[in-house]
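Here's the structure we're looking at; comments come further down.
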């Protein structure tokens with residue numbers, strides 16, 4: 366991050382958060398809910414971008430971490446009746462532990478092998494959610510409504526099923542993840558990650574333990590995925606196996622590339638554009654996934670740097 | 005059924021699965037070996053072969069014609085994909101993966117729109133019951149295994165004994181030096197991609213008398229092919245065939261004796277661990 370633009374960078378991101386705070390008062394209910402979902406999914410994409418955009422590792426197994434957060438928060442809520450804050454922490458912890466184990470294994474490979482191995486471990490996780498369907502209720506999933514006790518903040522009692530609460534929980538999640546990502550990318554750790562992306566051998570030669578840095582990047586990325594997964598479960602009050610399926614590994618890839626991989630705002634822009642495109646397309650056709658396919662192909666062929674990436678190339682080279 | 009009976013059935017089923025799996029995975033392995041790219045849409049070529057074979061059989065009522073025409077159709081689609089998408093992005097590995105993921109959804113949804121969400125099967129071209137002491141077995145399945153084995157042999161002959169095969173092996177070993185010696189590397193890429201797709205398409209066509217064609221069948225084929233190619237060693241054709249039989253047989257045994265889902269969980273995890281420990285695969289070179 367260049368010092369002379371630091372205040373501009375902070376201003377842009379603060380402006381985005383402020384705009385999202387204000388938007389909730391004006392948008393109609395349908396878009397209110399959609400925006401809440403977009404913010405949580407954008408947080409997921411921010412986590413993915415840390416790995417793909419800044420460290421140069423392409424994973425096809427992130428749905429495992431998203432779903433681990435979802436089940437990690439959802440199962441205790443559903444069966445043990447814990448409170449929502451504890452459930453969110455359990456969700457993050459679940460994906461964090463999984464990330465350390467899976468990361469230590471998968472990061473021994475690189476390139477195409479890393480992609481295939483992450484895909485296969487995610488498939489194991491997905492099949493397990495189906496296999497243990499007596500607990501997870503498999504494909505059908507379970508609904509959390511009625512299992513979300515209100516939270517007491519001093520004198521204030523907050524009910525999670527209220528749209529205002531859901532929206533602001535989503536907003537807070539997004540803001541926290543955006544903040545973590547901005548801080549990390551600007552820090553010396555982030556510079557090492559970018560160095561690994563550009564040339565891993567040279568970074569290792571400079572004396573950095575690249576394996577440890579990659580594992581750190583994967584763990585943070587997965588923890589953010591788990592965080593957004595658990596919040597997603599709470600705000601939609603639904604947990605199901607479809608979120609562990611391969612499509613939810615491919616979505617963050619699409620969102621990140623569409624917005625611009627290796628840019629701080631790219632994941633949010635990509636998620637918002639994509640979600641609204643799919644929402645519009647699915648009104649006209651049931652085979653909306655073709656939109657996902659066409660966008661992916663068009664991106665790599667015509668627009669490899671994505672929306673924010675193109676902005677950075679043309680007009681604002683200092684964008685993080 | 006007695007224990008020997010179940011075991012024989014498991015081995016037979018496993019051998020037939022292994023043959024089909026070898027045919028499907030061989031294409032993926034060839035594309036990876038020669039072009040150094042991972043074709044995530046490979047399973048969709050398998051699906052396209054099955055669906056188009058169903059269409060040809062039901063309109064001309066000739067399954068034999070379908071077995072010839074479906075792979076040619078799939079090879080044509082692959083040639084088009086190579087020309088329109090892969091060549092312009094210069095086979096850059098990461099871009100290719102993203103593009104073929106996109107292609108996966110495009111093909112899947114096009115088939116859904118045109119063919120519909122049905123699972124359709126055709127009747128086998130002949131009914132012969134081969135009697136074993138314990139059970140009768142479909143003669144068609146054994147014929148499929150025989151035909152697949154013949155095709156594997158033919159592919160091996162093409163790779164090892166023709167000029168095209170020589171060019172493919174040269175490209176696989178060192179693209180730049182092959183080019184310097186006058187090998188038309190980009191044309192070889194196109195041929196390898198179409199040939200790989202045709203093999204998957206043929207495998208898809210061969211199975212529809214035993215297993216229905218459906219627009220979502222590609223993903224399972226892709227994951228199975230990944231498994232085989234990893235165990236066999238990325239890009240090694242002999243290893244691919246050996247691994248296909250190994251996995252086909254173990255899948256047959258485990259599915260007959262245990263739960264299929266549990267079998268898939270365990271086998272997928274084991275295969276992922278193989279790749280973690282030995283990045284070139286069991287039969288492959290150490291660096292891939």
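Residue numbers (my numbering), protein chains in the order written: chain A, 366 to 685; chain B, 5 to 292. Think of the CB as a built atom: it goes at the ideal place given N, C-alpha and C, for glycine as much as any other residue. Bear in mind the structure is a predicted one, so any value in this text is a computation, not a measurement.
Quick check: what's the CA-CA separation for residue i versus residue j?
i, j, result
"residue 3 of chain B", "residue 87 of chain B", "Lying before the first or after the last residue shown, residue 3 of chain B is absent from chain B, which here runs from 5 to 292."
"residue 559 of chain A", "residue 411 of chain A", "16 Å"
"residue 366 of chain A", "residue 545 of chain A", "Because the pLDDT at residue 366 of chain A is just 47, under 50, the model does not fix this residue reliably, and the value given afterwards should be weighed accordingly. Taking the straight line from one Cα to the other gives about 15 Å."
"residue 251 of chain B", "residue 15 of chain B", "11 Å"
"residue 282 of chain B", "residue 428 of chain A", "25 Å"
"residue 516 of chain A", "residue 631 of chain A", "33 Å"
"residue 139 of chain B", "residue 490 of chain A", "37 Å"
"residue 229 of chain B", "residue 116 of chain B", "23 Å"
"residue 371 of chain A", "residue 551 of chain A", "10 Å"
"residue 488 of chain A", "residue 496 of chain A", "12 Å"
"residue 675 of chain A", "residue 418 of chain A", "14 Å"
"residue 504 of chain A", "residue 225 of chain B", "21 Å"
"residue 161 of chain B", "residue 77 of chain B", "23 Å"
"residue 31 of chain B", "residue 374 of chain A", "49 Å"
"residue 679 of chain A", "residue 685 of chain A", "14 Å"
"residue 237 of chain B", "residue 421 of chain A", "24 Å"
"residue 413 of chain A", "residue 501 of chain A", "25 Å"
"residue 96 of chain B", "residue 39 of chain B", "10 Å"
"residue 186 of chain B", "residue 196 of chain B", "17 Å"
"residue 159 of chain B", "residue 561 of chain A", "41 Å"
"residue 276 of chain B", "residue 670 of chain A", "31 Å"
"residue 184 of chain B", "residue 201 of chain B", "28 Å"
"residue 317 of chain A", "residue 523 of chain A", "The displayed coordinates of chain A run from 366 to 685. Any statement about residue 317 of chain A would go beyond what the structure contains."
"residue 249 of chain B", "residue 256 of chain B", "10 Å"
"residue 126 of chain B", "residue 17 of chain B", "20 Å"
"residue 595 of chain A", "residue 509 of chain A", "12 Å"
"residue 467 of chain A", "residue 534 of chain A", "29 Å"
"residue 572 of chain A", "residue 469 of chain A", "20 Å"
How close, in whole Å, do the beta carbons of residue i and residue j come, if the pair is a contact with beta carbons under 8 Å?
i, j, result
"residue 107 of chain B", "residue 45 of chain B", "4 Å"
"residue 239 of chain B", "residue 66 of chain B", "So it is not a contact: roughly 37 Å between Cβ atoms."
"residue 82 of chain B", "residue 57 of chain B", "Actually they do not touch by this definition, with Cβ atoms about 16 Å apart."
"residue 638 of chain A", "residue 615 of chain A", "Contact doesn't hold; Cβ gap of about 16 Å is too wide."
"residue 603 of chain A", "residue 511 of chain A", "Actually they do not touch by this definition, with Cβ atoms about 12 Å apart."
"residue 608 of chain A", "residue 423 of chain A", "Incorrect: roughly 20 Å between the Cβ atoms, too far for contact."
"residue 70 of chain B", "residue 233 of chain B", "Between residue 233 of chain B and residue 70 of chain B the Cβ distance is about 27 Å, and since that is not below 8 Å, they are no contact."
"residue 646 of chain A", "residue 656 of chain A", "5 Å"
"residue 472 of chain A", "residue 592 of chain A", "Not a contact, Cβ separation roughly 21 Å."
"residue 464 of chain A", "residue 583 of chain A", "6 Å"
Is the CB-CB distance between residue i and residue j below 9 Å?
i, j, result
"residue 9 of chain B", "residue 136 of chain B", "yes"
"residue 461 of chain A", "residue 588 of chain A", "yes"
"residue 659 of chain A", "residue 118 of chain B", "no"
"residue 432 of chain A", "residue 599 of chain A", "no"
"residue 404 of chain A", "residue 547 of chain A", "no"
"residue 644 of chain A", "residue 399 of chain A", "yes"
"residue 244 of chain B", "residue 79 of chain B", "no"
"residue 53 of chain B", "residue 241 of chain B", "no"
"residue 41 of chain B", "residue 148 of chain B", "no"
"residue 207 of chain B", "residue 55 of chain B", "no"
"residue 485 of chain A", "residue 231 of chain B", "yes"
"residue 538 of chain A", "residue 458 of chain A", "no"
"residue 677 of chain A", "residue 636 of chain A", "no"
"residue 62 of chain B", "residue 124 of chain B", "yes"
"residue 51 of chain B", "residue 155 of chain B", "no"
"residue 543 of chain A", "residue 382 of chain A", "yes"
"residue 279 of chain B", "residue 611 of chain A", "no"
Quickly, what does DSSP pair residue i with across the bridge? List them, please.
i, result
"residue 135 of chain B", "B/140"
"residue 603 of chain A", "A/508"
"residue 217 of chain B", "B/124"
For the ligand GTP, any of its heavy atoms closer than 8 Å to the Cβ of residue i?
i, result
"residue 220 of chain B", "Because no ligand of any kind appears in the structure shown, any question about the ligand GTP cannot be addressed here."
### Query
Quick one: any contact between the stretch 662–670 of chain A and the stretch 97–104 of chain B, if contact means 3 or more CB pairs under 8 Å?
yes
### Query
Is it true that the stretch 441–454 of chain A meets the stretch 469–479 of chain A, where meeting means three or more beta-carbon pairs spaced less than 8 Å apart?
Judged by Cβ distances under 8 Å, the stretch 441–454 of chain A makes no contact with the stretch 469–479 of chain A, as fewer than three pairs qualify.
### Query
Using 8 Å as the Cβ pair cut-off and three pairs as the minimum, do the stretch 266–282 of chain B and the stretch 489–504 of chain A touch?
Flag = yes, the stretch 266–282 of chain B and the stretch 489–504 of chain A touch.
### Message
Tell me whether the stretch 619–631 of chain A and the stretch 387–402 of chain A touch, counting them as touching only if at least three CB pairs, one residue from each stretch, are closer than 8 Å.
### Response
no
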